[in-house]
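Colleague: Got a structure for you, questions after.
Protein chains: 2
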Amino acid sequence: MVELTPRKKLILKAIIESHVQDGEPVGSKHLSQHPGLSCSSATIRNEMAELEAMGLLEQPHTSAGRVPTELGYRYYVDSLLENYSTAAAEIQQMSANLRLKLGELDGILAEASRMAAALTNYPCITVKAKPALVSVAKFDGIYVDEGKFLLIMIFVSGAVCTKTIETVPEFSPQDLVTILHALNELLIGKSANEINLPLIVKLENRAGKHSALMRQLMTIIYDTMQEQGRSDLRVEGVTRLLQYPEYEDIDELRNMIALFEDKQELLAAIADGTATHDESDGVQVLIGSENSVKVMNNSTLIYRPVKRGDKVIGAIGVVGPRRMDYAKVISTIDRLTRGIDSLLSGEQPLPLPSSDEDSDT
Amino acid sequence: MVELTPRKKLILKAIIESHVQDGEPVGSKHLSQHPGLSCSSATIRNEMAELEAMGLLEQPHTSAGRVPTELGYRYYVDSLLENYSTAAAEIQQMSANLRLKLGELDGILAEASRMAAALTNYPCITVKAKPALVSVAKFDGIYVDEGKFLLIMIFVSGAVCTKTIETVPEFSPQDLVTILHALNELLIGKSANEINLPLIVKLENRAGKHSALMRQLMTIIYDTMQEQGRSDLRVEGVTRLLQYPEYEDIDELRNMIALFEDKQELLAAIADGTATHDESDGVQVLIGSENSVKVMNNSTLIYRPVKRGDKVIGAIGVVGPRRMDYAKVISTIDRLTRGIDSLLSGEQPLPLPSSDEDSDT
DNA sequence: TTTAGCACTCAAAGCTAAAGAGTGCTAAAA
DNA sequence: TTTTAGCACTCTTTAGCTTTGAGTGCTAAA
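Protein sequence lines correspond, in order, to chains V and R.
Heads up: take any position in the first sequence, counting from 1, add 1208, and you land on the working numbering.
Heads up: take any position in the second sequence, counting from 1, add 1208, and you land on the working numbering.
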């Protein structure tokens, strides 16, 4: 993209910011009152015509003002948008909640999702990456009550899962020890699809009179392992879309929601974006058709991977209309995910880089 | 409500069922073709006029067909609706999932909610009642890894909660034993608001060099107890409302969603309904203004309490337009909640009463 | 290079007329 | 006494038409 003259930059920026605020096309007269632009509407019309010729603006129809194109937004995000900063206080306050959830990735992602949605006022999506390999490092158990115990699975990934199991009252603490012994001896290090019939039979034999319980446990363990191994995508706060006139058309809304429910496509879009766009470390901004999903041609997806050490273990992002408050969203996602990165790496305080004057909420 | 003549009953039923299906007002001509009604449209017009005089029907405007009033639906549900029955197979199949979640009330409700929403195609709400008293019966723990352990809280209600705690690597299994000892000695049987400063100080002293950890644990334990003690309302599948033309008006939809997000009002409505309506054991049907929430004047709320033994521990319900497939929804909620009742009481198989010819889906 | 002026375009809003669905009433038929 | 056919009437919906006004592009002068 060629350099623009300073005035063109100013005009483009003003148009985008005005449009982001009220969603209306921006006319030359309105723009001529912008402080910092001391020229007549006619001059601005000329400039706008040129910006349109470059593909940065467009008109919904001849007698309307200008609206940024996808390319316009892209230029804005890449070249015109500096020093975004969020209300650091908000994040800091909420990060306390995050730290409480430490140790459970699911919990962290869920909490972060809620935070991101609340801060940006757009629906938030979280992705949990598929772990390379799922197997249990250790089984443990706690006898709770007559015939009721807690099965604890500690995975090699460090994740911990617990399931409450209810069985017959005759089931004794000693029986639990026996069963845990068997599980630890035969299932450690096995992946879900290595659990085959001979293995199950062997385990049932070890369980003696509680072989029925053992079979039930196998189902539960198998399901839990499957669940651990699945990549997972969640959407939080879909209903926030209702606020934006872009989705007042009920069909647009329905399409979007169908997309959220399908999940596969969204996952693909994110994988896509991560692969193709610049350094896959920073915040990714996919505007309109830049992401491959047709339904999202009028929407923007902004997200950033979450890492533990240097391994990507998920992503957190936000979906909204193309007309989006990019500064705010990018900054929020950036802070939030960086905060999680460092939490996960064990650094204690959530870092709040640089000095912060709050942006508007 | 006075008895209607058989023909009037037939007409009312036909009108409601036709209207439920397509949402359009029903005209006399259309109705005269109904098999079972062998009279002219003029006769039907006379009957309809009388039904309207009784307050069972109304006209959106002079030149439109008739639409059931709230009272009309009420009469239909009370007097005209017999032998509803669901696709039993569907429920049976899904009940397997339910049984897997046994032991965690939250899990059961969540699963049931998903089932109800899927079966009826309306948003489903679940309520967890506020338990009379929350206190921990026993603390337990499992040392997972260097400085990482699982804290297990067994509540007197039988609920079990686990939290993964990450602390300093120096933290040894022996330290865990010490801490559990202290917790069990000082916190058993205490309710959340009995945890005061002297108690905390005592606990921190017991923790020795890990007093910071102990303080962190107190926060977590306190929060968990609070959470256990809260009554809780969740809504699943809000977006299903989009299917129904009643909510095509975006404001109607917004109001509804705001209602779901507020929760207090909905809780009140349910408490209300349980208190005022017939035997509080069966399925409750609150049509339009019968529930006190103004926003729901055009909607219906159908729910039934869930019990363990004879104690109400929650409720599961469905929200949709007044024009609702009452037969199907009532039957689904009834089966589902009865199934859960008996699961919770420890009876093994999910009972599927009576012979079932499937109704349409 | 900038600006004022002016003719032109086109969506949005309002207005009118025609179409159509459904009713209530009356009078005749069963 | 009940049912039915006929008819005038009401009122929404739809389509087409006009008006309004915002915003533009172009031209010519500053």
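We put the CB at the ideal spot given by N, CA and C, even for glycine.
The model shown is predicted, which means the values in this text are computed figures rather than measured ones.
#1: Check for me: the beta strand (DSSP E) holding G1444/R runs from which residue to which?
#2: Between G1366/V and chain R, is the shortest Cβ-Cβ distance under 8 Å, so that the two count as touching?
#3: Answer with buried or exposed for D1533/R, where buried requires no fewer than 16 other C-beta atoms within 10 angstroms of its C-beta.
#4: Is G1263/R near the ligand ATP, judged by its Cβ being under 7 Å from some heavy atom?
#5: By alpha-carbon positions, which one of M1323/V, L1405/V and E1255/V ends up nearest to L1264/V?
#6: Let me see if you follow: with CB-CB separation under 8 Å, is L1461/V close to chain R or not?
#7: Are the C-beta atoms of E1266/R and some chain V residue less than 8 Å apart?
#8: L1450/V touches chain R at which residues, Cβ-Cβ below 8 Å?
#9: Compute the Euclidean distance between the alpha carbons of P1268/V and V1234/V, then round it to the nearest angstrom.
#10: Is P1268/R helix, strand or coil by DSSP?
#11: Please determine, among L1467/V, E1454/V and Q1436/V, the residue with the shortest C-alpha to C-alpha distance to T1447/R.
#12: Would you mind stating whether I1521/R and V1491/R have Cβ atoms separated by less than 8 Å?
#13: From P1276/V to L1327/V, what distance separates their C-alpha atoms?
#14: Residue ranges of each beta strand (DSSP E) run of no fewer than 3 residues wholly in the segment 1338-1377 of chain R, ordered along the chain?
#15: State the DSSP-derived secondary structure class of S1563/R, mapped to helix, strand or coil.
#16: Going along chain V in order, which residues have a C-beta closer than 7 Å to the C-beta of L1358/R?
#17: Is the CB of S1429/R under 8 Å away from at least one CB in chain V?
#18: In terms of alpha-carbon separation, which member of L1391/V, V1364/V, T1375/V and E1473/V lies closest to Y1351/V?
#19: Are the C-beta of D1348/V and some C-beta of chain R separated by less than 8 Å?
#20: Counting only runs that start and end within the segment 1440-1520 of chain R, where is the beta strand (DSSP E) found for 3 or more residues in a row?
#21: When DSSP labels each residue in this structure, what does K1216/V get in the three-state scheme?
#22: When we look at the beta-carbon of P1243/V and count the other beta-carbons within 10 Å, is it buried (16 or more) or exposed?
#23: Looking only at C-alpha atoms, which of E1258/V, L1288/V, P1331/V and R1253/V sits nearest to S1271/V?
#24: Bridge partners for A1523/R per DSSP, in chain order?
#25: For the alpha helix (DSSP H) holding Q1382/R, just list the boundary residues, first then last.
#26: Just checking: is the beta-carbon of V1285/V within a distance shorter than 8 Å of some beta-carbon in chain R?
#27: With a cut-off of 8 Å, does the C-beta of V1514/V fall near any C-beta of chain R?
#28: Can you give the Cα-Cα distance for A1479/V and E1473/V, rounded to whole angstroms?
#29: Do we get a CB-CB distance below 8 Å when we pair T1447/R with the residues of chain V?
#30: Three or more C-beta pairs closer than 8 Å, one from the segment 1382-1391 of chain R and one from the segment 1413-1430 of chain R: is that the case here?
#31: Run through DSSP, which three-state label would P1243/R get?
#32: What is the DSSP secondary structure of R1274/R, reduced to helix, strand or coil?
#33: List the residues that DSSP assigns as beta-bridge partners of G1528/R.
#34: Go to A1406/R, then tell me how far its alpha helix (DSSP H) extends in each direction, as first and last residue.
#35: Under a CB-based cut-off of 8 Å, is D1353/R close to chain V?
#36: Determine the closest residue to Q1241/V out of I1219/V, M1504/V, L1259/V and E1232/V, with distance taken between C-alpha atoms.
Modeller: For this structure:
#1: Here residue 1444/R refers to the residue found at position 236 when the second sequence is read from its first residue. Reading the sequence as shown, one finds Glu at residue 1444/R and not Gly. D1440 to E1444 is the span of the beta strand (DSSP E), which, as asked, contains E1444/R.
#2: Residue mapping note: residue 1366/V aligns to position 158 of the first sequence, counting from 1. So yes, G1366/V belongs to the interface.
#3: The residue given as residue 1533/R occupies position 325 in the second sequence. So D1533/R counts as buried.
#4: Of ligands this structure carries none, so the ligand ATP is not represented either.
#5: Numbered from 1 along the first sequence, position 56 holds the residue referred to as residue 1264/V. When each option's Cα is compared against that of L1264/V, the closest is E1255/V.
#6: Taking the first sequence and counting its residues from 1, one reaches residue 1461/V at position 253. It does; some Cβ of chain R falls within 8 Å.
#7: Residue 1266/R sits at position 58 when you count from the first residue of the second sequence. Chain V, which has no Cβ nearer than 8 Å to the Cβ of E1266/R, makes this no.
#8: Taking the first residue of the first sequence as 1, we reach residue 1450/V at position 242. Ordered by position in chain R, the residues that pass the 8 Å Cβ test against L1450/V are I1458, L1461, R1462 and I1465.
#9: Here the question's residue 1268/V lines up with position 60 in the first sequence. Here the question's residue 1234/V lines up with position 26 in the first sequence. Computed Cα separation, rounded: 11 Å.
#10: Start at 1 with the first residue of the second sequence, and residue 1268/R comes out as number 60. Coil, per DSSP.
#11: Position 239 of the second sequence, counting from 1, holds the residue named residue 1447/R. The shortest C-alpha separation from T1447/R is found at L1467/V.
#12: Residue numbering aside, residue 1521/R sits at position 313 when the second sequence is read from its first letter. Residue numbering aside, residue 1491/R sits at position 283 when the second sequence is read from its first letter. Going by C-beta atoms, I1521/R is not nearer than 8 Å to V1491/R.
#13: As a working note, residue 1276/V is residue 68 in the first sequence. As a working note, residue 1327/V is residue 119 in the first sequence. Approximately 25 Å between the Cα atoms of the pair.
#14: 1344-1353, 1356-1363 and 1368-1374
#15: Locating residue 1563/R in the second sequence gives position 355, counting from the first residue. Low confidence applies here, because S1563/R scores a pLDDT of 39, under 50, leaving its location unreliable; read the following figure in that light. The answer is coil: DSSP assigns S1563/R none of H, G, I, E or B.
#16: Here residue 1358/R is taken as the residue at index 150 of the second sequence, counted from 1. Under the 7 Å cutoff, chain V gives I1360 and V1368.
#17: Position 221 of the second sequence holds residue 1429/R. Sequence check: residue 1429/R is Ile here, not Ser. I1429/R does not count as touching chain V.
#18: Mapped onto the first sequence, residue 1351/V falls at position 143. Comparing Cα positions, the closest option is T1375/V.
#19: As a first step, residue 1348/V is located in the first sequence; it is residue number 140 there, counting from the start. Answer yes: the Cβ-Cβ gap between D1348/V and chain R drops below 8 Å somewhere.
#20: 1440-1444, 1492-1495 and 1507-1516
#21: The sequence position of residue 1216/V within the first sequence is 8, counting from 1. If DSSP states are grouped into helix, strand and coil, K1216/V belongs with the helices.
#22: For the purposes of this step, residue 1243/V is taken as residue 35 along the first sequence, with counting starting at 1. With fewer than 16 other Cβ atoms within 10 Å, it is exposed.
#23: The residue you call residue 1271/V lines up with position 63 of the first sequence. The shortest Cα separation from S1271/V among E1258/V, L1288/V, P1331/V and R1253/V belongs to R1253/V.
#24: Mapped onto the second sequence, residue 1523/R falls at position 315. BP columns for A1523/R point to V1335/R and P1513/R.
#25: To locate residue 1382/R, count along the second sequence from 1; it is residue 174. Run containing Q1382/R: P1381 to L1394, per the alpha helix (DSSP H) assignment.
#26: Position 77 of the first sequence, counted from the first residue, corresponds to residue 1285/V. Not one chain R Cβ lies under 8 Å of V1285/V.
#27: Working through the first sequence from its first residue, we reach residue 1514/V at position 306. Not an interface residue.
#28: Translated into the one-based positions of the first sequence, residue 1479/V becomes position 271. Translated into the one-based positions of the first sequence, residue 1473/V becomes position 265. The alpha-carbon atoms of A1479/V and E1473/V are separated by roughly 10 Å.
#29: Taking the first residue of the second sequence as 1, we reach residue 1447/R at position 239. Yes, because at least one Cβ of chain V sits closer than 8 Å to the Cβ of T1447/R.
#30: yes
#31: As a working note, residue 1243/R is residue 35 in the second sequence. It is coil, neither helix nor strand.
#32: Within the second sequence, the letter at position 66 stands for residue 1274/R. In this structure, R1274/R counts as strand in the three-state DSSP scheme.
#33: In the second sequence, counting from the first residue as 1, residue 1528/R sits at position 320. Paired residue(s): T1508/R.
#34: Along the second sequence, one-based indexing puts residue 1406/R at 198. Inspection of the sequence shows that residue 1406/R is occupied by Pro rather than by Ala. Where P1406/R is concerned, the enclosing alpha helix (DSSP H) stretches over L1405 to R1414.
#35: Walking along the second sequence from the start, residue 1353/R turns up at place 145. D1353/R counts as touching chain V.
#36: Here residue 1241/V refers to the residue found at position 33 of the first sequence. Looking at the Cα atoms, I1219/V is the closest of the given residues.
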